[in-house]
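Engineer: Before I ask anything, let me first share the structure, which is written out below as structure tokens.
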Amino acid sequence: MIKKSAEKIYTGLIVLFMYAPIVTLMVLSFNNSKTRAKWGGFTFKWYAALFDNQAILQALSNTLSIALLSAAAATLIGTAATLAISGMGRRSRAVFMSVTNIPMLNAEIVTGISLMLLFLSFGIRFGFGTILLSHITFNIPYVILSVMPRTKQLNPSVYEAALDLGASRFQAFFRVVFPDLLPGIVSGFLMAFTMSLDDFIITHFTKGPGVDTLSTKIYTEVKKGIKPEMYALSTLIFLTVLILLLLVNYRPKPQDAAIPGAERTQK
Amino acid sequence: MKRKTVWKKLVGLTAACCLLTGLLTGCGASDAGSAAGDNGEVIVYNWGEYIDPDTLEMFESETGIRVIYDEFETNEIMYPKVEAGASQYDVICPSDYMIQKMIDNDLLQELDFDNLPNAKANIGAQYWEQSEQFDPGNRYSVPYCWGTVGILYNKTMVDEPVDSWSILWNEKYADNILMQDSVRDAFMVALKLNGCSMNSMDPDELAAARDLLIEQKPLVQAYVIDQVRDKMIGNEAALGVIYSGEAIYTQRENPDLEYVIPKEGTNVWIDSWVIPKNAPNPENAEKFIDFMCRPDIALLNFEYITYSTPNDAARELIEDEDIRNSSIAFPDLSQYENLETFTYLGEEGDGLYNEMWKEVKSR
Amino acid sequence: MRKKMSKKPESPRISYFNQTAMTAPYLFWAVAFIIIPLLMILYYGLTDKSGAFTLVNVAAIATAEHAKALWLALGLSLVSTVLCLLLAYPLALILARRQVSQQSFLVLIFILPMWMNFLLRTMAWQTLLEKTGVINAVLSFLHLPALNLINTPGAIILGMVYNFLPFMILPLYNSLTKIDPSVVNAAYDLGANGTQTFCRVIFPLSIPGVISGITMVFVPALTTFVISNLLGGSKILLIGNVIDQEFTQAGNWHLGSGLSIVLMAFILVNMVLTGIFDKNGEGTAL
Chain A
1 MIKKSAEKIY TGLIVLFMYA PIVTLMVLSF NNSKTRAKWG GFTFKWYAAL FDNQAILQAL
61 SNTLSIALLS AAAATLIGTA ATLAISGMGR RSRAVFMSVT NIPMLNAEIV TGISLMLLFL
121 SFGIRFGFGT ILLSHITFNI PYVILSVMPR TKQLNPSVYE AALDLGASRF QAFFRVVFPD
181 LLPGIVSGFL MAFTMSLDDF IITHFTKGPG VDTLSTKIYT EVKKGIKPEM YALSTLIFLT
241 VLILLLLVNY RPKPQDAAIP GAERTQK
Chain B
1 MKRKTVWKKL VGLTAACCLL TGLLTGCGAS DAGSAAGDNG EVIVYNWGEY IDPDTLEMFE
61 SETGIRVIYD EFETNEIMYP KVEAGASQYD VICPSDYMIQ KMIDNDLLQE LDFDNLPNAK
121 ANIGAQYWEQ SEQFDPGNRY SVPYCWGTVG ILYNKTMVDE PVDSWSILWN EKYADNILMQ
181 DSVRDAFMVA LKLNGCSMNS MDPDELAAAR DLLIEQKPLV QAYVIDQVRD KMIGNEAALG
241 VIYSGEAIYT QRENPDLEYV IPKEGTNVWI DSWVIPKNAP NPENAEKFID FMCRPDIALL
301 NFEYITYSTP NDAARELIED EDIRNSSIAF PDLSQYENLE TFTYLGEEGD GLYNEMWKEV
361 KSR
Chain C
1 MRKKMSKKPE SPRISYFNQT AMTAPYLFWA VAFIIIPLLM ILYYGLTDKS GAFTLVNVAA
61 IATAEHAKAL WLALGLSLVS TVLCLLLAYP LALILARRQV SQQSFLVLIF ILPMWMNFLL
121 RTMAWQTLLE KTGVINAVLS FLHLPALNLI NTPGAIILGM VYNFLPFMIL PLYNSLTKID
181 PSVVNAAYDL GANGTQTFCR VIFPLSIPGV ISGITMVFVP ALTTFVISNL LGGSKILLIG
241 NVIDQEFTQA GNWHLGSGLS IVLMAFILVN MVLTGIFDKN GEGTAL
């Protein structure tokens, strides 16, 4: 019992550590003073102002579209690559995995700069497209590394059995193999989406005129003092995701109807 | 079975993400699409938070030219992007010495002042004169904002009179001093205190300035750029090196703050509009610059960003007499000695300064 | 234990579709957006302004300022990595023992902060740590002396641990959930106590997760420039700051690239180390 509560306290402390700054931001979003340094009373005005601020809304829409598109493209390319890599011999597999590791292991600043140099020297116009390409690049490894463990758990004989039973390769793959991969693919997609959403450095070096994501917008604001609308927006995003997460998690299901008690019945 | 529930949740969450994205992208995009754009576009590259967004909308609705607006943090980030030509801009707003560098490297086109009647009529003569230092003959640039660099101090924390850069070396204020985190501005302070020119290329003078900055480092709370503003408002520090434009804003938020131009002299800087050689829409660029020189527009921008405007006509329109005659916003420069404007020092000079600055920072 | 595992025959491989067609997009992508950009860095780093070959930019790491920045960055990121490991391991153990239906939720709880922008989160720490910040306000309310928290190496380490902790938790958690419970039970049945089971069974089996966690924390911590700027008051110059300054302030891209090459060398070392622990060449998963 003591161990149980010690575990709970420990988890709680880490959660507190992770969420302390987030709570701070939320509080700041209700601060009536324009600067972070002063508490000027409670207000909702930044939330109202947020929906009038075209620049922030545009940055939000850019951020989300880039995150979605890059995560989707990375998932597609990455999953295909994983299947191919898992079918390779040891040596080529090692080579491919090393290359895959580069964007993850390389300093973000080096990745960002190297992509900037690439776009510059090939005369590609900086803009939405260059950000998207860069994000796909650093997202692919996350997908590969999420899907890879799943391919190892696959049982090839099931696939072969499906072929023997007259399924086409296509059918056999999508009916038999794909469902087993799906959890890996989905978590890869989510990871990629999150990384893209949170990226600043690479976007900073590869963005072009008039295209801002929330990160780059915030960075220019950091220097001039963050607009409180940004706090309001972050609070909204955060709460939305949190609520979604809770909804998805606590959707009533017959087998864990007794959620509150479930923990105690565990050994 | 169990495993299934886990990934069902993940799928659900993913689907929710997509939906959210779709929704938000939808509304964001539809709003932005309604802007004007019949008469082409103009791509503007300006400092972060350096314009009143309303003026951009006014420009769009009056001219039908769509504004594509981008921001940079430092002159040095802006320069390679323009030089490489991968991002083409119509109007840029660099600082004095950077304009000189761009002229030297043949990146700017000459302005046709016949298309800039507001600029000719409204910008004060003394600012054209100042600009001659980096743009001889005033052929390439139209002043947009200007100011001085000085010391902002908190009256409740500093009891002695502040009139010299030397107070930034006073050990009484250890850990209460904010310095500028940019090479030229930091060296300006030390060079001026030593009585040298802030455009000095003399290695001995620079080494002395470097040593002075190293000596100061233990007293410095942080090297910051625009964050001086928030930190001073929040009483985080007693003294800070700051641009005069920020001073008005900080005083409004925290009446304990006072701004002074030190007696050893300081930097008088000008940020000006220029049109790069590779601008895709130079005519629209001129229209944009001239629009920004209109008194009512310049006034809006002054009130929004609080940086001094070189636009005399706009200054006349300022209603608050205290601000119109403010010695912070519009100091009488003839009162001060040793005022200078940064000039471009060439690659060698830049290298020298950067090398020495690194020695300060890594100490 | 590990010896046995590495002798295990490789699982039979199977190609589902045309191998080339599946590899081609990624191969193209990797060459265009990973390999070529790296070659560009090499090119810039190994040439001077006139385009002639030189090693000056790489050798510049030996100058006093750069070497100090590198050592400082190495020191701070090592400390942060160790702290992350110490904080994350018990948590990962706790999480991995939870009911499966709760696990995904709990893990997501630790990813969720990443949805709040990285810069904003770090800014928020400023508000907490400042002289007039939240923590000091609480202290003075309790009549305790104020602490000097911000603009210190400690604040930078805190920022690193805070920002990169999820990257440690995830791989650890993943490797721990992969451990077959029957192996652990067998250890207990054979008379091992809790400590022995942990040291001899659980920890060795989680090494892939430890390695990938260390990599994923150490590398970004080593190269960060934002955290040291925001929480260190720019008084502490790390190698990431130097590179950033060369590109964005000094405009010396050749030097910036040269120093980046040095950083890449560390990543190479890391990859070799990872390779030693990961004999199957599969990479350790997130």
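Heads up: the protein sequence lines correspond to chains A, B and C, in order. Per our numbering, the first sequence starts with residue 1, numbered consecutively. Per our numbering, the second sequence starts with residue 1, numbered consecutively. Per our numbering, the third sequence starts with residue 1, numbered consecutively. Ideal Cβ positions, reconstructed from N, Cα and C, are used throughout, including at glycine. Bear in mind the structure is a predicted one, so any value in this text is a computation, not a measurement.
Just mark Asn49 (chain C) as buried or exposed, buried being the case when its beta carbon has 16 or more other beta carbons within 10 Å.
Structural biologist: According to the sequence as given, residue 49 (chain C) is Lys; it is not Asn. Exposed, by the Cβ-count rule.
Engineer: Quick check: the Cα distance between Gly28 (chain B) and Leu60 (chain A), rounded to an integer number of angstroms?
Structural biologist: For Gly28 (chain B), the predicted model reports a pLDDT of 43, less than 50, meaning its position is unreliable and no value from the coordinates is stated.
Engineer: To the nearest angstrom, how far is it from the Cα of Leu245 (chain A) to the Cα of Phe205 (chain A)?
Structural biologist: 33 angstroms
Engineer: Shorter than 7 angstroms, the distance from the beta carbon of Ala167 (chain A) to the closest heavy atom of the ligand NAD, or not?
Structural biologist: For the ligand NAD, the structure offers nothing, since it holds no ligand at all.
Engineer: Looking at C-alpha atoms only, which residue of A:Leu28, A:Ala107, A:Asp52, A:Thr35 is the closest neighbour of Asp199 (chain A)?
Structural biologist: A:Ala107
Engineer: Can you tell me which of B:Asn235, B:Thr266, B:Asn199 puts its alpha carbon nearest to the alpha carbon of Tyr243 (chain B)?
Structural biologist: B:Thr266
Engineer: I'd like the list of long-range same chain contacts for Glu7 (chain A), defined as Cβ closer than 8 angstroms, with 5 residues on each side in sequence excluded.
Structural biologist: none
Engineer: Going by the CB atoms, is the gap between Phe189 (chain A) and Val143 (chain A) shorter than 8 angstroms?
Structural biologist: yes
Engineer: I'd like the ranges of any alpha helix (DSSP H) spanning at least 4 consecutive residues and lying wholly in the segment 132-219 of chain A.
Structural biologist: 156-164, 169-172, 178-198, 201-206
Engineer: Can you grab the Cα-Cα spacing for the pair Asn18 (chain C) / Tyr89 (chain C), in whole Å?
Structural biologist: 42 angstroms
Engineer: Quick one: what does DSSP say Ala158 (chain B) is sitting in, helix, strand or coil?
Structural biologist: As written in the sequence, residue 158 (chain B) is Val, which differs from the Ala given in the question. It is coil, neither helix nor strand.
Engineer: When we look at the beta-carbon of Asn139 (chain A) and count the other beta-carbons within 10 Å, is it buried (16 or more) or exposed?
Structural biologist: buried
Engineer: What does a CB cutoff of less than 6 angstroms around Met102 (chain B) pick up in its chain, not counting 5 residues either side in sequence?
Structural biologist: Leu108
Engineer: For Asn301 (chain B), count the other beta carbons within 10 Å of its own beta carbon; 16 or more makes it buried, fewer makes it exposed. Which is it?
Structural biologist: buried
Engineer: Select from A:Leu50, A:Leu118, A:Leu28 the residue whose C-alpha is nearest the C-alpha of Ile268 (chain A).
Structural biologist: Past the boundaries of the shown model lies residue 268 (chain A); chain A is included only from 1 to 267, so the question cannot be answered.
Engineer: Using a Cβ-Cβ cutoff of 7 angstroms, what residues of the segment 75-90 of chain B are near chain C? List them in chain order.
Structural biologist: Those residues of the segment 75-90 of chain B placed with their C-beta closer than 7 angstroms to a C-beta in chain C are Glu76, Ile77, Tyr79, Pro80, ordered along the chain.
Engineer: So if I threshold CB-CB distances at 9 angstroms, which residues from the segment 109-123 of chain C count as touching chain A?
Structural biologist: Cβ contacts with chain A come from Ile109, Phe110, Ile111, Leu112, Pro113, Met114, Trp115, Met116, Asn117, Phe118, Leu119, Leu120, Arg121, Thr122, Met123.
Engineer: What do you reckon, are the CB atoms on Tyr45 (chain B) and Phe72 (chain B) nearer than 8 angstroms?
Structural biologist: yes
Engineer: With C-beta atoms as the reference, is Glu264 (chain B) less than 8 angstroms away from Leu193 (chain B)?
Structural biologist: yes
Engineer: Please go through the same chain and pick out, in chain order, the residues whose beta-carbon is closer than 6 angstroms to the beta-carbon of Thr148 (chain B), but skip the five residues on each side of it.
Structural biologist: Ser244, Ile261, Thr266, Val268
Engineer: Using a Cβ-Cβ cut-off of less than 9 angstroms, list which residues of the segment 94-107 of chain A approach chain C; keep chain order.
Structural biologist: Ala94, Val95, Phe96, Met97, Ser98, Val99, Thr100, Asn101, Ile102, Pro103, Met104, Leu105, Asn106, Ala107
Engineer: Chain C partners of Asp198 (chain A), CB-CB under 8 angstroms?
Structural biologist: Met114, Trp115, Asn117, Phe118
Engineer: Applying a beta-carbon distance threshold of less than 9 angstroms, which residues of chain A neighbour Gly234 (chain B)?
Structural biologist: Thr35, Arg36, Ala37, Lys38
Engineer: Given 8 angstroms as the limit, is there contact between the segment 192-211 of chain B and the segment 10-26 of chain A, that is, 3 or more CB pairs closer than that?
Structural biologist: no
Engineer: With 7 angstroms as the C-beta to C-beta threshold (strictly closer), list the residues of the segment 328-346 of chain B near chain C in chain order.
Structural biologist: Flagged: no residues at all.
Engineer: Strictly by DSSP, which residues pair up with Ser367 (chain B)?
Structural biologist: With chain B covering only 1 through 363, there is no way to say anything about residue 367 (chain B).
Engineer: Under a Cβ-count criterion, where at least 16 other Cβ atoms within 10 Å of its own Cβ denotes burial, should Ile2 (chain A) be classed as buried or exposed?
Structural biologist: exposed
Engineer: Let me see if you follow: with CB-CB separation under 8 angstroms, is Arg229 (chain B) close to chain A or not?
Structural biologist: At least one C-beta of chain A is nearer than 8 angstroms to the C-beta of Arg229 (chain B).
Engineer: Assuming the contact rule is C-beta atoms closer than 8 angstroms, Ala55 (chain B) and Ile289 (chain B) should be a hit. Round their C-beta distance to whole Å, please.
Structural biologist: This sequence places Thr at residue 55 (chain B); Ala is not what is there. Contact flag wrong, Cβ pair sits at about 12 angstroms.
Engineer: Over the uninterrupted alpha helix (DSSP H) stretch that includes Tyr43 (chain C), give me the two end residues.
Structural biologist: For Tyr43 (chain C), the enclosing alpha helix (DSSP H) stretches over residues 36-45.
Engineer: Could you please tell me which residues of the segment 27-48 of chain C, in chain order, have their CB closer than 7 angstroms to any CB of chain B?
Structural biologist: The segment 27-48 of chain C vs chain B, Cβ under 7 angstroms: nothing.
Engineer: Going by C-alpha to C-alpha distance, which of B:Ile123, B:Trp169, B:Asp175, B:Ala247 sits closest to Glu215 (chain B)?
Structural biologist: B:Trp169
Engineer: Mapping the DSSP letters down to three states, classify Met201 (chain B) as helix, strand or coil.
Structural biologist: coil
Engineer: By the 10 Å Cβ neighbour count, where 16 or more other Cβ atoms means buried, how is Pro141 (chain A) classified, buried or exposed?
Structural biologist: buried
Engineer: Could you tell me whether the segment 221-234 of chain B touches the segment 304-324 of chain B, where touching means 3 or more Cβ pairs closer than 8 angstroms?
Structural biologist: no
Engineer: On the three-state DSSP scale, how would you describe Tyr162 (chain C)?
Structural biologist: helix
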